[in-house]
Amino acid sequence: MQYQFPVILIPALSPDDRLINLIKELKLKFNPHIIVVNDGSDAKYNGIFQNLRQVDRCTVLEHPQNLGKGMALKTGISYFLKNFSNSAGLVTADCDGQHTPKDINQVAKALMASPDNLILGVRNFSEENIPFRSRFGNTLTRSIFKYLTGLSITDTQTGLRGIPVSYMKFLLNLSGARFEYELNMLLGCKQQGIDIKETTIDTIYLDKNSSSHFNPLVDSIKIYFVFFKFLSSSLISFVVDYGLFVLFIFLLEHRIGTSAAVLWAGIISRVISSVVNYILNAKTVFKHSSARSVIRYYILSGIQMIISAYGVTFLQDAFHGGASILKIVVDLLLSFSSFKIQNEWVFEKSKKSQKVSKA
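The opening position of the sequence shown corresponds to residue 3 in our numbering, with each subsequent residue numbered one higher.
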């Protein structure tokens, strides 16, 4: 199938003349269709958007109030699906001058060459001009993302992306209204088995990124809350497991002795909490359930239950510590490996190995 050049989507909040210059240069060099979403900018910016409305093949969409970058992207995606079905997809770019026409074109060409992949224009965070908050934030987010998904992405927060048409309807249903939406997009790739390709772009931070609308406190909390939701099923199951463990220790210790009570409390609590954990993971985290995943889950759960029960018993005999405290330590350590195994083996959706590669 012959695709048209990708449409460029630019969410814009309180832009300056750099947005006008970017669009004029894009039109001069590549003449793409461009969608600009005014995300509730103040009235004093009306002149800039009015100027853009005069540009050929440039559509300006309006939010009456600021809804967030994620909502602006969804508005643009929805408009694209109604009007540009023959395009290779969308290339999203920021309005503050961080993304050059050369880099936007580079991502567009990569999308045309790989129309079923998500393309990321990634920055080089080893360069000296990177602001500390950007370097630290990317390093932390990238590390957590790799742990959760097994995918090593160079730049999890890049706004320069090539989005394939086949992924867009799914994107419209993703949660997130602000910057956390872009992280949800990457997590969604993992869930949908969509390969990611990276292409290196220029690393530009104008005035130490002072024009960015990213709120370091509020938006960082929202981004890392995405990770928390991804792990919430494990936390809920741990609370159930631990609560039942303490209860059965209390009920059994004086009847069958401490060591036996620890062993049986561990087994009973794990059996019950495993049902809770499987249902939560299958329905909300990995969004996949099959007979194979049930079998694999209970193989893993059985091994984990044995290690936990005997581990707590061994440590209690060795250090004469309280079983309830030791249970927390042992199960916390087990939970990290358990999540990885569930992600990569138990709830594996297909034999196809998802990958991140260079475009």
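We treat Cβ as the ideally placed atom computed from N, Cα and C, and that holds for glycine.
Quantities reported herein were computed from a predicted structural model and do not represent experimental measurements.
Among the residues of its own chain, which have a CB less than 6 Å from the CB of residue i, if the five just before and after it don't count?
i    : result
A110 : P8 and V93
K148 : S154
P103 : E27, L28 and K31
T61  : I37
Please name the residue in the options whose C-alpha comes closest to that of residue i.
i    : options                   : result
I25  : P133, V57 and Q6          : V57
D41  : I270, L15 and L335        : L15
P17  : F32, V39, Q6 and K31      : V39
S239 : L254, S271 and T61        : S271
S123 : G91, D204, F86 and L142   : The question names Ser, but residue 123 is Gly in the sequence shown. The option with the nearest alpha carbon to G123 is D204.
L246 : L265, G259 and L233       : L265
S291 : Q344, V332 and E255       : Q344
T158 : Y169, A179, Q194 and I121 : I121
N48  : H65, F288, R59 and I36    : H65
L75  : V273, L11 and V241        : L11
V273 : I305, N33, E255 and E130  : I305
N107 : N53, K29 and A179         : K29
D197 : P34, C60, A112 and H35    : A112
N88  : S43, N53, H35 and A325    : H35
Just the C-alpha distance for residue i and residue j, rounded to the nearest angstrom, thanks.
i    : j    : result
Y280 : G190 : 20 Å
L63  : F51  : 9 Å
K71  : P13  : 7 Å
F252 : K285 : 33 Å
S128 : L150 : 24 Å
T77  : T202 : 27 Å
I206 : G99  : 8 Å
F181 : G139 : 13 Å
K342 : L335 : 12 Å
F86  : S275 : 48 Å
A90  : N68  : 29 Å
M114 : E27  : 21 Å
H101 : M187 : 20 Å
R257 : V278 : 28 Å
V248 : A267 : 8 Å
A179 : L237 : 25 Å
R137 : E130 : 10 Å
D19  : S43  : 14 Å
S337 : M73  : 34 Å
T141 : G324 : 38 Å
V331 : L185 : 31 Å
E350 : I146 : 20 Å
F250 : G259 : 12 Å
With burial defined as no fewer than 16 other Cβ atoms inside 10 Å of the residue's Cβ, what is the status of residue i: buried or exposed?
i    : result
H322 : exposed
P166 : buried
R55  : exposed
I327 : exposed
R294 : exposed
G23  : The identity of residue 23 in the sequence shown is Asn, whereas the question assumes Gly. It is exposed - the Cβ of N23 has fewer than 16 other Cβ atoms within 10 Å.
V314 : buried
F134 : exposed
N119 : buried
T195 : Residue 195 is actually Gly in this sequence, not Thr. Exposed, since its Cβ has fewer than 16 Cβ neighbours within 10 Å.
R125 : buried
K329 : buried
A263 : buried
A391 : Summary: the structure shown does not reach residue 391, with the chain confined to residues 3 through 361, and so no result is reported for it.
F230 : exposed
Assuming residue i contacts residue j under a Cβ cut-off of 8 Å, what Cβ separation, rounded to an integer in Å, is found between them?
i    : j    : result
I155 : R144 : 6 Å
D243 : G161 : 41 Å between Cβ atoms; not a contact.
S235 : L282 : 4 Å
K192 : K360 : Incorrect: roughly 19 Å between the Cβ atoms, too far for contact.
L362 : I79  : A question about residue 362 goes unanswered here, because the residues of the chain that appear run from 3 up to 361.
L176 : Y183 : 7 Å
I132 : Y81  : I132 to Y81, Cβ: 34 Å. No contact.
Kindly list the residues whose CB is nearer than 7 Å to the CB of residue i, restricted to its own chain and excluding five residues on each side of it in sequence; keep chain order.
i    : result
E346 : G152
P117 : Y5, A90, G91 and P166
V348 : S295, R298, Y299 and L302
D105 : G123, L162, I203 and D204
L254 : A263, W266 and A267
Beta-carbon within less than 8 Å of residue i's beta-carbon, same chain only, minus the 5 sequence neighbours each way: which residues are those?
i    : result
I269 : M307 and A311
S261 : T315, Q318 and D319
K171 : L83
D333 : F240, D243, Y244 and S310
R1   : Only positions 3 to 361 of the chain appear in this structure, which leaves residue 1 out of reach.
N53  : I22
Would residue i pass as an interface residue toward chain D - the criterion being a Cβ-Cβ separation below 9 Å?
i   : result
I36 : Of the protein chains in the structure, only one exists, and it is not chain D.
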